[in-house]
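*Asks:*
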Amino acid sequence: MTDLLIRHLERICMNYKMFRAINRLAGRNSTLDTFMIFISQKTRFLYIFLLALMWFRNNSYKKIILFAGLSVGFALFINCFIQLFYFKPRPFVIHRVRLLIPSKNNSSFPSKHTVLAFALASSVLLRERLFGSIMWFLTILTGFSRIWLGHHYPFDIIGILTSIAIGNATYIFNSFVTWIINVLGIQKSDSFHIKKNRFPSSYFQLHYIKN
Numbered sequence: 000m001t002d003l004l005i006r007h008l009e010r011i012c013m014n015y016k017m018f019r020a021i022n023r024l025a026g027r028n029s030t031l032d033t034f035m036i037f038i039s040q041k042t043r044f045l046y047i048f049l050l051a052l053m054w055f056r057n058n059s060y061k062k063i064i065l066f067a068g069l070s071v072g073f074a075l076f077i078n079c080f081i082q083l084f085y086f087k088p089r090p091f092v093i094h095r096v097r098l099l100i101p102s103k104n105n106s107s108f109p110s111k112h113t114v115l116a117f118a119l120a121s122s123v124l125l126r127e128r129l130f131g132s133i134m135w136f137l138t139i140l141t142g143f144s145r146i147w148l149g150h151h152y153p154f155d156i157i158g159i160l161t162s163i164a165i166g167n168a169t170y171i172f173n174s175f176v177t178w179i180i181n182v183l184g185i186q187k188s189d190s191f192h193i194k195k196n197r198f199p200s201s202y203f204q205l206h207y208i209k210n
């Protein structure tokens, strides 16, 4: 019991130290601060733009977007479920931080911005490398910006593992998505192949070992 308590305290200290190392950079450069605020608040519009490009590209991309929509929906449900039973104060509530813009005073863990963004990016990356890679890059920036602005701790961003799992889990809804495709009248002529092993087993093992 004592060992578990010590490990928990060590993780809390490490979490705060990493937060301070990033958040202390805020307020020093107005250009970087403006960029981080833009990433945190406006990245969703970049996602919408990329999804629109995919939607009008060809019919196979429409199915990718439907899978991504399912992933985001499940991620939102899990995020809300966790916050019903677990509350973690935001960094600015219990520490003196450099808060660049106001934030809601809801639970810090998990970061809804990052969880939803990674759910979307992971689902797309599993099926389309180019657009998925761009979304993953934007999502990493989003997670970093949330720490920079003083809204979340680094460990709050670990929810990305849930998002990656959700992106893989949507494979089981292939028949359901195909039915929606038929209802929408999208032709089957465009081939659609799920790119398996986008995240090899060693990728998940590495993350679980680290955490």
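Just so you know, we're using numbering that gives the first Met the number 0 here: the sequence shown kicks off at 0 and counts up by one.
Note that the Cβ used here is the ideal one computed from N, Cα and C, for glycine as well.
Just so we're clear, the structure is a prediction, and the values are computed from it rather than from any experiment.
(1) What residues in its chain sit with their C-beta under 6 Å from that of Met134, if we drop five residues either side in the sequence?
(2) Which residues in the same chain have their Cβ closer than 8 Å to the Cβ of Ile36, if we skip the five residues on either side of it in sequence?
(3) So, are the CB atoms of Leu125 and Ile38 less than 8 Å apart?
(4) For the candidate residues Val96, Ser132, Ser102, Leu137, whose alpha-carbon lies nearest to that of Leu24?
(5) So what's Tyr85 in DSSP terms, helix, strand or just coil?
(6) Report the rounded CA-to-CA distance for Leu31 versus His151, giving the unit in angstroms.
(7) Looking at Ile146 and Ile47, is the spacing between their C-beta atoms short of 8 Å?
(8) I think Pro109 touches Asn14, with their Cβ atoms under 8 Å apart; what is that distance to the nearest whole Å?
(9) From the DSSP output, in three-state form, read off Leu125 for me.
(10) Would you mind giving the Cβ-Cβ distance between Phe18 and Pro90, rounded to the nearest angstrom? I have them listed as a contact below 8 Å.
(11) Answer yes or no: does any C-beta atom of chain B fall closer than 8 Å to that of Leu119?
(12) Just to confirm my understanding: we take Asn196, look at its own chain, exclude 5 residues before and 5 after, and list those with CB closer than 6 Å. What are they?
(13) Excluding the 5 residues preceding and the 5 following Met53 in the sequence, name in chain order all residues of the same chain whose CB lies nearer than 7 Å to its CB.
(14) Going residue by residue through the stretch 96 to 120, where are the continuous alpha helix (DSSP H) segments of at least 4 residues, counting only ones entirely within it?
(15) State buried or exposed for Val71, treating a residue as buried only when at least 16 other CB atoms are found within 10 Å of its CB.
(16) Helix, strand or coil for Tyr46 per DSSP?
(17) For the alpha helix (DSSP H) that Pro90 lies in, which residues bound it at each end?
(18) When the distance is taken between beta carbons, is Leu50 closer than 8 Å to Leu137?
*Replies:* In short, the structure shows the following:
(1) The count along the sequence shown starts at 1 and reaches residue 134 at position 135. Taken in chain order, the residues that qualify are Ala120, Val123.
(2) Counted from its first residue, the sequence shown places residue 36 at position 37. Here the set comprises Leu99, Ile100, Ser144, Leu148.
(3) The residue you call residue 125 lines up with position 126 of the sequence shown. The residue you call residue 38 lines up with position 39 of the sequence shown. Not a contact, by the Cβ cut-off of 8 Å.
(4) Taking the first residue of the sequence shown as position 1, residue 24 is located at position 25. Checking every option, the nearest Cα to that of Leu24 belongs to Val96.
(5) Translated into the one-based positions of the sequence shown, residue 85 becomes position 86. Tyr85 falls in the coil class under three-state DSSP.
(6) Along the sequence shown, read from residue 1 onward, the residue named residue 31 stands at position 32. Along the sequence shown, read from residue 1 onward, the residue named residue 151 stands at position 152. Between Leu31 and His151, the C-alpha separation is close to 18 Å.
(7) Position 48 of the sequence shown, counted from the first residue, corresponds to residue 47. Position 147 of the sequence shown, counted from the first residue, corresponds to residue 146. It is not a contact, given that the beta carbons lie outside the stated cut-off.
(8) The residue labelled residue 109 in the question sits at position 110 within the sequence shown. The residue labelled residue 14 in the question sits at position 15 within the sequence shown. About 13 Å separates the two Cβ atoms, so there is no contact after all.
(9) Counting from one through the sequence shown, the residue named residue 125 turns up at place 126. The answer is coil: DSSP assigns Leu125 none of H, G, I, E or B.
(10) Looking up residue 18 in the sequence shown gives position 19. Looking up residue 90 in the sequence shown gives position 91. About 6 Å; that satisfies the 8 Å criterion.
(11) No chain B is part of this structure, which consists of one protein chain only.
(12) If you number the sequence shown from 1, residue 196 lands on position 197. Unreliable positioning characterises Asn196 in this predicted model, as indicated by a pLDDT of 47, which lies under 50. A coordinate reading is not provided.
(13) Here residue 53 refers to the residue found at position 54 of the sequence shown. The residues are Tyr60, Ile63, Ile64, Phe130.
(14) none
(15) For the purposes of this step, residue 71 is taken as residue 72 along the sequence shown, with counting starting at 1. Val71 is buried by the Cβ-count criterion.
(16) Numbered from 1 along the sequence shown, position 47 holds the residue referred to as residue 46. Helix.
(17) For the purposes of this step, residue 90 is taken as residue 91 along the sequence shown, with counting starting at 1. From DSSP, the alpha helix (DSSP H) with Pro90 extends over 90 to 93.
(18) By one-based count along the sequence shown, residue 137 stands at place 138. By one-based count along the sequence shown, residue 50 stands at place 51. Their beta carbons are not under 8 Å apart, which means Leu137 does not touch Leu50 by this criterion.
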